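Following: one structure in structure tokens, then a few remarks.
Residue numbers (our numbering): 153 to 223.
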């Protein structure tokens, strides 16, 4: 009986791992399809992605403006 429960436990763990892999595969496929759709729409309108350096640049610009107002 213990052997059966061990085998059943291993099988359930394997099925859990396989289901996680399958779900991640679906999300990867959806992301790839979404990227293709976005690339087609971006060919018409080029959308710039906001990066961390862009946000930092905005912060530096604001600091510069306040420093200019003070002086």
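Glycine included, every Cβ here is placed at the ideal spot set by N, Cα and C.
The model shown is predicted, which means the values in this text are computed figures rather than measured ones.
Helix, strand or coil for residue i per DSSP?
i: residue 203; result: coil
Leaving out five residues before and five after residue i in sequence, what residues of the same chain have Cβ atoms less than 7 angstroms from its Cβ?
i: residue 98; result: Outside the displayed range of the chain (153 to 223) lies residue 98, so it cannot be described from this structure.
CB-CB under 6 angstroms to residue i, same chain, minus the five flanking residues each way: which ones, in chain order?
i: residue 176; result: none
Spatial neighbours of residue i within its chain, please: C-beta separation below 8 angstroms, excluding the five flanking residues on both sides.
i: residue 160; result: none
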